[in-house]
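Structure first, then comments.
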Amino acid sequence: VEAGERLGFLPGDLSQKVDPYLRPLYDALYELMGLERVQKAFERQQIEIAPLAFMRGRTLNHAFVILDEAQNTTPEQMKMFLTRIGFGSKAVVTGDVSQIDLPRTQLSGLVDAERVLKRVQGIAITRLTSADVVRHPLVARIVDAYDAPHRASQNRRDDDADPDVSAAVARPRVARKKRA
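Residues 26 to 205 in the working numbering are what the sequence shown spells out, letter by letter.
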């Protein structure tokens, strides 16, 4: 999902436009599988990477599908993605609602999906905290420092708010799980 920029305005063909966004994904794949295994998986079409905009109309059967940076989807994009899940498939949606790049007036599809789907059987939501950070130890302290003002304002709102309403505006952390 784009972070404020538009793919159409970047120079080059689709691959050249999308590759900069995919660098973190490639890095993770290479770390987990190694360069050679990743290249072979792409050659065999066992791994496909596609922009969210190209998912419309598809049904993804017998697949493991990941939507990353989902905090920057709209509710409509999120619904479109989630309704692509076919038979024998699993979907994982990751994002960090403290890093939403949408205009302030635009509801995040990730925030909306949590509100809409929290009681749907077969869906699990996992929130991670700074304790789950798998980068340099300083990163956990940075996350805590940025989250502190939000936690304080959220606590003030929770004291006065209807629980169902506050759930829609809460900014829980939804992120990647630690690697074993």
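Think of the CB as a built atom: it goes at the ideal place given N, C-alpha and C, for glycine as much as any other residue.
Going along the chain, which residues of its own chain have a beta-carbon closer than 7 Å to the beta-carbon of residue i, five neighbours each way excluded?
| i | result |
| --- | --- |
| MET80 | MET105, PHE106, ARG109 |
| PHE67 | none |
| ASP169 | SER155 |
When the Cα of residue i is compared with those of the options, which residue comes out closest?
| i | options | result |
| --- | --- | --- |
| ILE74 | LEU60, GLU56, ASN97, LEU50 | LEU50 |
| LEU92 | PRO76, ASN86, GLU101 | PRO76 |
| GLN131 | ASP52, GLN96, ALA177, ARG160 | GLN96 |
| MET103 | PRO174, SER40, ALA138, LEU54 | ALA138 |
| VAL136 | GLY147, MET58, ARG152 | ARG152 |
| VAL122 | ASP172, LEU163, ALA78 | ASP172 |
| ILE150 | GLU61, PRO174, VAL117, ARG129 | VAL117 |
Mapping DSSP to helix, strand and coil, what is residue i?
| i | result |
| --- | --- |
| PHE125 | Going by the sequence as given, residue 125 is Ile instead of Phe. Three-state DSSP puts ILE125 in coil, outside helix and strand. |
| VAL158 | coil |
| LEU142 | helix |
| LEU85 | strand |
| LEU153 | coil |
| ILE91 | strand |
| ILE148 | coil |
| PRO167 | Reading off the sequence, residue 167 comes out as Ile, not Pro. Helix. |
| ALA78 | helix |
Using a threshold of 8 Å, state whether the C-beta atoms of residue i and residue j are closer than that.
| i | j | result |
| --- | --- | --- |
| GLY113 | GLU94 | no |
| GLY134 | THR98 | yes |
| PHE89 | LYS65 | no |
| GLY111 | ASN86 | yes |
| VAL63 | LEU54 | yes |
Ignore the nearest five residues each way along the sequence and tell me which others in residue i's own chain have a CB closer than 6 Å to its CB.
| i | result |
| --- | --- |
| ILE125 | GLN96, SER133 |
| VAL164 | VAL158 |
At least 3 beta-carbon pairs within less than 8 Å: the region 129-148 vs the region 156-168: no
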